[in-house]
Every structure is written in C-alpha cells, then in structure tokens.
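Here the structure is laid out as structure tokens; the discussion comes afterwards.
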Amino acid sequence: MPQAETEETSVSDLRTLRNYINGEFVDAADGRTLDIVDPTTGEVYATSPLSGASDVDAAMDAAAAAFPAWRDSTPSTRQKLLLKIADAVEARADEIVDAEVRNTGKPRGLTLSEEIGPMVDQIRFFAGAARLLEGKSAGEYMDGMTSIVRREPVGVCAQVAPWNYPMMMAVWKFAPAIAAGNTVVLKPSDTTPASTVLLADIIGGILKDLELPAGVFNVICGDRETGRLMVEHRTPAMASITGSVRAGIQVAESASKDVKRVHLELGGKAPVVVFEDADIAEAVEGISVAGFFNAGQDCTAATRVLVHESIHDAFVEALAKAAAETKTGGVDDEDVLYGPLNNANQLKQVSGFIERLPEHAKVEAGGHRVGDKGYFYAPTVVSGLNQDDEIIQNEVFGPVITVQRFSDEEQAVDYANGVEFALASSVWTKDHARAMRMSRRLDFGCVWINTHIPLVAEMPHGGFKKSGYGKDLSSYGFEDYTRVKHVMTAI
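Under the working numbering, the first residue of the sequence shown is numbered 28, with each subsequent residue one higher.
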C-alpha cells in the first residue's frame with residue numbers, strides 16, 4: 028500500500044500528505060496543494076491536496092460502490108472491523124500522537140493521556156453498538172397484518188471534521204457511521220489533516236486484511252470549497268459537520284438543495300453557574316482547567332462564568348491567580364496545560380475580542396499573546412462584563428474566561444440562557460434541589476453538576492439552537508446514522 032506521507036528529497040523537507048480514495052493514496056487530480064503550518068512556530072512543515080470536483084467525484088464513487096456490500100454485511104463483521112481499528116489505534120498511539128501534536132501544537136503527554144484512551148473506548152463502544160440496533164416489537168397492529176420495523180444504514184455519508192480535536196472528531200464521525208453500515212467520505216480541516224490521513228492508512232490496511240470493500244472509508248483533504256462540493260454532491264444521503272455556526276448554516280443550506288439529512292455539532296458558549304454555597308477553591312480548580320484546556324478551543328469549554336454576587340470578588344481573585352499559574356508552551360514543555368491557538372486567523376480572532384473590550388470590562392489576568400513565534404495566547408480572565416457585551420454573546424474559542432455576577436437563581440437562568448448557543452453548561456452548588464431545578468431550566472444539551480467537560484461514550488453529546496442538532500456518541504448518535512422502514516405483510 029502506498030504511504031500516507033512521503034519525505035521530499037529536493038529543495039525542501041516538507042512532508043506530503045495525500046488523499047485516500049478507494050484504498051489508494053493519491054494527489055489532487057489537478058495537483059493543487061495547501062500549506063500545513065506548525066502552530067508552535069508559524070512555519071510550513073507539510074502540504075496536503077486541495078481537492079476539487081473530480082477528487083470529490085472519485086471519493087463519492089468509491090463510497091457508493093462499496094455501499095451495497097457494506098450495507099449487507101452482518102453486524103458482527105462491522106464490529107470486527109471497528110475492534111481491529113481500536114486495537115490498531117491503541118498499538119500505534121505514539122505515532123498517531125506525533126502526527127497530531129505536530130499539526131496542532133498540543134502538549135504530547137496530555138494528548139496521549141486525554142485523547143487516545145477515549146478515542147479507543149469510543150470506537151469499541153460503536154463496535155458493540157453495531158450489534159444492538161433496537162426497534163419496536165413486531166406485531167399485529169391491524170387485523171390480518173403483521174408489522175415489523177427495519178433500521179437500515181442511510182447510505183454514503185459526507186463528513187467534515189474540525190481542527191480543535193482532529194483525530195478524536197474523526198472517530199466521532201466515522202465510527203457510528205461505519206457501525207451502522209454506511210460508507211464514509213471524510214474531510215479533515217484544511218489546517219489539521221495529518222492525523223486523519225494517518226488514520227486512513229491504518230483503516231485501509233485493516234480493510235484490506237479483512238478483504239472488505241476498500242471504499243468503506245475515504246479521506247479527502249481540502250478547504251471550505253471542498254466541503255461544499257462534498258455536501259452538494261448528488262451521492263451522499265447524509266452530511267455531518269462539526270464546526271462553526273457559519274459553516275453549519277452553509278452546510279444546511281447546501282444540503283437543502285436535495286433534502287439531504289444533516290447532522291450539525293456547532294459552536295458553544297457554555298454558562299458555568301457558581302452559587303454562593305459552592306466551594307470556591309474546588310470550583311476554581313475545575314473551571315480553570317475546563318476553560319483553558321486545549322487553549323479554550325472546545326465548544327463545551329467553561330469560558331462564561333456566572334457567579335453569585337456574594338462571592339464574586341473572592342472568586343475572581345482566585346480565578347485570576349489560577350490563570351496566572353497556568354502554563355502554555357510547546358509540545359514537550361513540562362507542566363503545560365495547553366499549546367498554541369490553531370492558526371493565525373484564530374490568534375487574530377481571540378486578540379480582537381480582547382482589544383475590543385468595553386471600558387467597563389477589566390482584564391484580571393493575561394490578555395496578550397505569548398512570545399513572537401507561533402500562536403500562543405496567555406490564560407485570560409475578564410470581569411466587569413454585561414450580558415449584551417460582544418465577548419459574552421459570541422464564541423471566542425480561545426483561553427479566555429469571562430466572569431459576570433448575578434443576584435438570584437432567576438437572574439442566573441436568564442443570563443445563562445440569554446445567548447444563541449445551547450451546547451453545554453454546568454452548575455456549582457451543594458444544594459441538590461437547586462441543582463435539579465437548574466438542570467431542568469438550563470436550555471443546553473448537557474448540564475454538568477459540580478464538574479465541567481467530562482464526556483463518556485455511552486452518553487449523548489449535542490446541543491440546541493445555534494449549537495446545531497443531532498447527537499454524537501451514545502446510542503442516540505448511532506441511531507442518527509440509520510433510517511427507519513416499516514414493513515407490513517398480510518397474514
């Protein structure tokens with residue numbers, strides 16, 4: 028099998044990433060490429076294909092050709108494939124992490140400990156789910172007629188993954204789709220294709236060893252236009268994207284042209300509601316990690332804190348101290364919680380929010396770039412904000428935690444729900460009844476109580492409003508990749 032990456036031997040030592048279509052690594056048909064930048068240095072270290080219409084056609088044709096056989100495969104066959112993928116990811120963890128951290132700048136140790144384990148577990152979860160599709164009981168709902176319900180794969184799935192967790196989001200896309208009997212064309216972000224291309228190499232080898240259709244899993248690299256071509260292509264029955272609200276709206280509009288099914292996991296602006304009875308030290312520790320982890324580039328990050336007015340000042344002081352003690356740095360630096368922002372545009376976006384802060388806002392910690400090389404940004408805390416401030420209403424997607432004060436439970440709910448996003452939230456209190464009331468009233472797809480950000484394969488992840496629709500993980504996420512058919516027979 029051709030290699031996923033090859034070293035150039037001429038003028039430069041740039042790595043060359045390639046598309047993976049129908050079991051083969053190939054360049055873009057017209058030879059166009061994109062530069063891939065190491066965010067710790069801001070320097071180009073690789074190139075990837077800039078795929079166009081002919082490349083999308085080839086990938087979709089491969090997936091469509093493989094679909095009938097994969098659709099008709101037994102659940103045990105799908106499970107076997109996914110279990111072997113999980114084993115291979117576990118065995119080649121160091122190699123996969125090397126690709127991921129070079130492409131994202133994340134701390135190597137944290138990436139290995141916090142991402143590989145969950146990825147492997149999630150693949151194994153969907154391997155089990157492949158054999159556990161559920162439906163209504165067959166029965167006679169009309170005299171002389173027996174009804175049964177079939178759950179079937181949707182078809183070819185066009186999937187677009189983001190740059191904040193490239194390898195894990197690839198797993199969230201392909202694992203439930205393949206488990207349900209669909210075939211996949213997956214596009215990683217234009218800034219972070221490296222680990223996804225390596226996963227294609229791993230998965231392709233397993234498909235070959237098991238003598239399964241090569242077109243079950245395909246990867247094409249490219250930009251926003253490549254994604255649009257995928258979503259608007261005649262072949263896919265479903266489009267799935269994790270990304271910005273803007274990107275999600277564009278996907279929904281494109282998919283509407285031929286009424287494709289759409290699965291959207293978009294932005295977030297998670298409220299973190301801290302009541303007066305919360306343990307301040309415990310809350311600050313949990314919130315600072317959940318807010319700054321991965322440089323705050325997480326749709327569920329704990330970046331919008333609402334604190335009861337009676338403990339506001341003490342909380343802000345403690346949070347600012349925690350931020351000052353939080354370290355950002357290179358992939359192999361010690362005691363680093365997070366690396367750089369992903370790209371130059373993201374650094375510009377985060378910096379812009381701070382530069383445009385209103386006069387009533389106060390930067391309690393950070394608020395500046397770190398160093399002059401790469402895209403590092405200091406852990407930042409901003410207080411004194413109003414509900415209608417830009418930084419409260421919009422997703423920063425950086426290591427910036429805002430703090431607002433509230434007077435009572437009613438105002439806390441109003442502030443928490445008073446944004447256009449609705450992905451995740453958390454409540455910090457010792458009052459169980461209050462926690463239960465808040466979990467009912469908070470208009471978010473997930474509510475954590477006295478914690479923030481843990482995810483498990485068995486539970487659904489997804490939001491409401493402009494955070495999108497559809498679920499990742501869990502049996503709900505699995506069912507999103509199936510369709511329901513009623514069969515009625517005369518007896």
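A virtual CB, placed ideally from N, CA and C, is assigned to each residue, including glycine. On a predicted model such as this, the values are computed, not experimentally measured, just so you know.
Which of helix, strand or coil DSSP assigns to residue i
i: K354; result: coil
i: L44; result: strand
i: V258; result: helix
i: D340; result: helix
i: Y402; result: coil
i: H513; result: strand
i: Y168; result: strand
i: P13; result: With the chain covering 28 to 518 only, the question about residue 13 has no answer from this structure.
i: W97; result: helix
i: V363; result: coil
i: D435; result: coil
i: W190; result: coil
i: E391; result: strand
i: E127; result: helix
i: H335; result: strand
i: P180; result: strand
i: V116; result: helix
i: L384; result: coil
i: A484; result: coil
Same chain, Cβ closer than 7 Å to residue i, five either side skipped, listed in chain order
i: D250; result: L61, L77, D217
i: V147; result: A113, V116, E117
i: T101; result: none
i: E447; result: K492, K493
i: A91; result: V183, T262
i: K498; result: P487, H488, G489, G504, D507
i: T429; result: T330, R331, V332, V409, L412, I418, I419
i: V363; result: P134, K354, T355, G356
With 16 other Cβ atoms within 10 Å as the buried cut-off, status of residue i
i: V483; result: exposed
i: I518; result: exposed
i: G270; result: buried
i: V243; result: buried
i: D65; result: buried
i: A308; result: exposed
i: V511; result: exposed
i: H395; result: exposed
i: Y404; result: buried
i: G379; result: exposed
i: D416; result: buried
i: N369; result: buried
i: R467; result: exposed
Supposed close pair residue i, residue j - CB separation, criterion 8 Å
i: L211; j: F201; result: Note on identity: in this sequence residue 211 is Val, with Leu being the wrong assignment. V211 to F201, Cβ: 5 Å. Contact.
i: M194; j: I123; result: 6 Å
i: V427; j: V377; result: 7 Å
i: A204; j: A157; result: The pair is not a contact, with the Cβ atoms about 11 Å apart (cut-off 8 Å).
Beta-bridge partners of residue i, as assigned by DSSP
i: T138; result: Answer is none; T138 lacks a bridge partner.
i: E238; result: DSSP lists no partner for E238.
i: E51; result: I48
i: N413; result: Note: N413 sits in no beta bridge, so no partner.
i: A185; result: V212, A266
i: S452; result: V474
i: T74; result: T43, D62
i: H290; result: S267
Nonlocal neighbours in the same chain, by C-beta distance under 6 Å from residue i, ignoring five residues either side
i: N444; result: D470
i: L256; result: A80, V83
i: Q324; result: N191, F424
i: A227; result: Y47, V246
i: A388; result: V409, G411, L412
Close Cβ partners of residue i (< 8 Å) along its chain, the five nearest in sequence each way excluded
i: L44; result: A31, E32, I63, A73, T74, S75, P76, P220, A221, V224, C248
i: G166; result: T173, S174
i: E336; result: R432, F433, S434
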